[in-house]
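Asker: First the structure, which I've put down as structure tokens, then a few questions once you've had a look.
Residue numbers (the numbering used here), protein chains in the order written: chain A, 1 to 225; chain B, 226 to 895; chain C, 896 to 1209.
Quick look at the structure:
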């Protein structure tokens, strides 16, 4: 099926999914914490738009509810919590030095190609109009994981974890038009609780080891070296 | 007729090697004989090879020399003809350049005769490689080429660096030769005979075919200078005399490419696209690493040697694209890739030789290797400066000169990657095209640096200030190459139609549509997809320049030109030390791409002996430090362990003989 | 024959309208900064003044210094003849495709950088060094963007690329969106605008383009400045006609040509205003942040290529 034969809504959905991938890349390289949270909110908003459009074009109106949950949680509540946390921890001006940004970007590009390669057989099986975006959603998950690996500050790791969850949600929407509502509500609730708990934990970590650098957590080991 | 001309070329090359020995008493007579015979060899090689290419000649002959059961098979076809033209053209130019250039060696401690002897043998060896049509003659000619070039690299052997450079060169040439021998061995094992015609007929399984391909890639790659097998290039090319460096860099690397093309396309026959991916990636790596290492050099000839690595990378990229398309079933696009690679071979032979000859002229006149000590040479050596500028523009791949055409063709081939059904391959090809763009832009940056530091500005040393123009022979050879660079840039369509013959010979299809719109337009694939009207571009630039000049010329009476001292912001006393140096020009790139090199910078505060402080910058090749030096250390350590056998005690040696005798007696009794 | 006359007319129009675009951008910037500012046709007055002035050459200048302005101007003017301005399908467009266009700019930049190094001052060398570094980082991004578009259009011919979106009006290609964003960033870097280079600066240590032409006077300086204005106009026309080509004339009859001319004028004025707003709103980055900026441009174009491969081919 030729790209030119897709309807405008479907092309818009594909464009929005590509923008979500762009936000994943921007998250990898961003050093300022407030900008990280803002980009994460933007990613959530793009997902919301995309889910609404998919709901409109496919007729699966329950996706509107998923989109609404995403909007409430990922665009408003969780970024608000994180911003509050940043203000209370007083790390607003902290800038993180990302080690070797060019290598991370190259790794990101390779991950996108790799997820395309992995998702090829799935694409053959699917009959949905959004089957091309399965590779993109897998790439978003992998890029979120890459962000968790390459970052040292705890807040950045949380954002990485949340963007992984974004990718999972996106993958569910595009490959099977959403998860069963029970699963969806459960996952959303888990993420919400995790966000609140992270806030509490960060204070404890900082009180315990004096910084929010996760590399310093390796002081908590049993064997004395 | 063509074959006879090629025989003449080889014989006169051998003559230029051996005959001057008869005139050893008179240096001028031996020089005269040597270089004239070399020039005749070049001329007849051009004619013979040119006839083979332009008239699609395909002849074979067997000579009764060689082993009793293996006569010497010779074969001349358009592919050999093309590379023969390259070799002979640069030999001819070197013959024009040589007499005036080797005058400085006549005053030196080493005699002149070994130089002419081994130059002739070197050229003869290269020409014989083109003709050889069986593995044995090929290896004989290959070794002749390698060993004679070793002696040429080691010509000024009084210097320790020169000796070690020559040693590394010989070592890697021999190891490469072994790999090539093994590759031919695989084919010969399956075909039962050593000549190329029986090797062409045999069909190998994919595993054996890939093994032969890998051996050939490593063997020919060592001679061509792909990363990581390139470490001999930047050591050997700077220490050889400049016209020999031109021959080595301009044509010897192309002989390796010829061997590779002959082996893969002609002898192996069936090409798998996976091989093409490997070649493409190796080519891209060589291109980008070559140019990045070249940027950091401040010895002019070492910089040019690293650029050879880069250009060989670009040629391999074209070959890799060609193999990918051939293996995926698109022979016409494979022809386009092959044509792009061959055109770049031609272009590189021309502009690299031009640059090395210019570097030789600079070296002879100013006795300086180091860029940091040159400057302002355009006023002292105008002809060399103009020709060197042509070489710099060509190697930076700028229109309307020749370097641009081959890079444009490579980009067009890469763009056709969308026809492939394996889309990951399309993405990889696009990324390698971006790497090629980065390489081209960095090469332009490097040559702005070279030309700006070397020829423009103020002289940075006394010797540079006292340089004068080089002799007429040097000027003439450079002017000829510069004109050829422009000609092949402005008339690409004719060249592509000639190269198409080679593509049709090796592949099932050619690319006739590239030249189907007449001599003005170069249209790979079709007119709508891409077109380049090179003569029109040249004409238009010239017209525009003329029009502006005509418009502004009458105003000269009103607006005169006044010469004044350089504006110094009122502080006074500008001197040559306040200019940019080569290291400072490349500092931003050094900072941005820092992990690529092993950089160490030392700055000492001003003290007694250095009132202005001292800054030292060392840039090293990671491949040399991490791969070759450890291998060297490992080999030496193993050799030292093995040397324990040689204890020196005669009774121990008697014990060895005694036990060997016992063992043999036992074996015989079985 | 009609086509060649139109091509000539386009080149002349383009040569004489380029200073107006630069003047318009400066005027809008002045208005945004609450200054009265010079009128938009001030660059014409500047060029005329420079053509009448005496040329002062340094003692250490070489023939390259005198030849460079002519080459830079001729090559940029030739590039202007190739880019479709108000009509598609002019015969001059077949001389060069978009990769040759990039080659033209590279040739001009080569001679500009050599001219900077020619006189032997520190500022000239600095300008050349910075310019070559920025351009070598911008080239892969530019090429990746061109490739992304060419992969959909199956051509690198500028006329074909412009025609493609004309023939498919209501299509939204994610690869084109990304390529547009990436090429916008690259165009800002190549034409030397904020945030890469400040065209109005007087501090030599912040200069890139100005540092290379610091030693030029009289008609040589006029040619160099005019060349820079032409370059800005070419990049602007390239961006608007590649990504928003609606209104461009498809044949050579009068009404489509007038509509084409009108539409390009409107598009250029809008783009100039957007450029002025961006230049007033953002500060110039320090030089060693330019690689990150160009890296972002490359990532955008790379994502465009990847989204073409992943999303648009079946």
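The C-beta atom is built at its ideal place from N, Cα and C for all residues, glycine as well.
Counting only Cβ pairs nearer than 7 angstroms, list the residues of chain A close to residue 652/B.
Answerer: Per Cβ cutoff of 7 angstroms: 113.
Asker: Starting from the Cα of residue 668/B, find the closest Cα among 949/C, 1144/C, 1027/C and 930/C and give me that residue.
Answerer: 1027/C
Asker: Rounded to a whole number of angstroms, what is the C-alpha to C-alpha distance between residue 79/A and residue 144/A?
Answerer: 16 angstroms
Asker: Can the beta-carbon of residue 591/B be found closer than 8 angstroms to that of residue 465/B?
Answerer: When the beta-carbon positions are compared, residue 591/B and residue 465/B stay at least 8 angstroms from each other.
Asker: What residue from 947/C, 914/C and 917/C has the CA that sits closest to residue 782/B's CA?
Answerer: Residue 947/C is the option with its Cα nearest to residue 782/B.
Asker: Quick one: Cα of residue 1004/C to Cα of residue 480/B, how far?
Answerer: 35 angstroms
Asker: Within 8 angstroms, do at least three Cβ pairs link the region 1129-1147 of chain C to the region 978-985 of chain C?
Answerer: yes
Asker: Please confirm if residue 819/B has its CB atom under 8 angstroms from at least one CB of chain C.
Answerer: no
Asker: My output table needs one value for residue 594/B: the three-state DSSP class, helix, strand or coil.
Answerer: coil
Asker: Taking Cβ-Cβ distances shorter than 9 angstroms, what residues in chain A pair up with residue 1072/C?
Answerer: 15, 18 and 19
Asker: Would the region 573-583 of chain B count as touching the region 640-650 of chain B if we require 3 or more Cβ pairs under 8 angstroms?
Answerer: no
Asker: At a Cβ threshold of 8 angstroms, is residue 506/B touching chain A?
Answerer: no
Asker: When you check each C-beta in the region 637-649 of chain B against every C-beta of chain A, which residues fall closer than 7 angstroms?
Answerer: Listed by position, the residues of the region 637-649 of chain B near chain A (Cβ gap below 7 angstroms) are 649.
Asker: Residues of chain C with CB under 9 angstroms from residue 97/A, in chain order?
Answerer: Ordered by position in chain C, no residue passes the 9 angstroms Cβ test against residue 97/A, which lies about 13 angstroms from the chain.
Asker: Between residue 133/A and chain C, is there a C-beta pair that is closer than 8 angstroms?
Answerer: Chain C has a Cβ within less than 8 angstroms of the Cβ of residue 133/A.
Asker: Can you check whether the C-beta of residue 951/C is within less than 8 angstroms of a C-beta belonging to chain B?
Answerer: yes
Asker: Report the residue from 542/B, 418/B and 278/B whose alpha carbon sits nearest the alpha carbon of residue 294/B.
Answerer: If we check each option's Cα against that of residue 294/B, 418/B comes out closest.
Asker: Just how far apart, CA to CA, sit residue 901/C and residue 1122/C?
Answerer: 22 angstroms
Asker: When we look at the beta-carbon of residue 671/B and count the other beta-carbons within 10 Å, is it buried (16 or more) or exposed?
Answerer: buried
Asker: For the alpha helix (DSSP H) containing residue 787/B, name the first residue and the last one.
Answerer: Run containing residue 787/B: none in the alpha helix (DSSP H); it sits in the beta strand (DSSP E), 786-789.
Asker: For residue 332/B, which of 349/B, 381/B, 302/B and 316/B has the nearest alpha-carbon?
Answerer: Taking the Cα of residue 332/B as reference, the smallest distance to any Cα among 349/B, 381/B, 302/B and 316/B is reached at 381/B.
Asker: Is the separation between the beta-carbon of residue 789/B and that of residue 950/C shorter than 8 angstroms?
Answerer: no
Asker: Give the residues from the region 1052-1063 of chain C that approach chain A closer than 7 angstroms (Cβ to any Cβ), ordered along the chain.
Answerer: 1063
Asker: According to the neighbour-count rule (16 or more other Cβ atoms, all chains shown, within 10 Å of its Cβ), is residue 907/C buried or exposed?
Answerer: exposed
Asker: Please report the distance separating the alpha-carbon of residue 833/B from that of residue 826/B.
Answerer: 21 angstroms
Asker: Helix, strand or coil: which one does DSSP assign to residue 290/B?
Answerer: strand
Asker: Since I believe residue 1057/C is in contact with residue 1179/C (beta carbons under 8 angstroms), could you give me their beta-carbon distance rounded to a whole number of angstroms?
Answerer: Between residue 1057/C and residue 1179/C the Cβ distance is about 33 angstroms, and since that is not below 8 angstroms, they are no contact.
Asker: Hey, residue 1031/C and residue 1008/C are a contact pair by Cβ (cut 8 angstroms); roughly how many whole angstroms apart?
Answerer: Rounded, the Cβ-Cβ distance is 11 angstroms, inconsistent with contact.
Asker: In whole angstroms, what is the alpha-carbon distance linking residue 706/B and residue 318/B?
Answerer: 8 angstroms
Asker: Looking at the C-beta of residue 3/A, does it have a partner C-beta in chain C at a distance below 8 angstroms?
Answerer: yes
Asker: Determine which residues share a DSSP beta bridge with residue 196/B and list them.
Answerer: Outside the shown range of chain B (226 to 895) lies residue 196/B, about which nothing can therefore be said.
Asker: From the DSSP output, read off the bridge partner residues of residue 825/B.
Answerer: 843/B
Asker: By Cβ distance below 8 angstroms, which residues in the same chain neighbour residue 704/B in space, the five residues on each side in sequence not counted?
Answerer: 608 and 612
Asker: What in chain B is Cβ-close to residue 117/A, meaning under 7 angstroms?
Answerer: The answer, in chain order, is 649.
Asker: From the beta carbon of residue 975/C, is the nearest beta carbon of chain A less than 8 angstroms away?
Answerer: no
Asker: Report yes or no: is there a C-beta of chain A within less than 8 angstroms of the C-beta of residue 1190/C?
Answerer: yes
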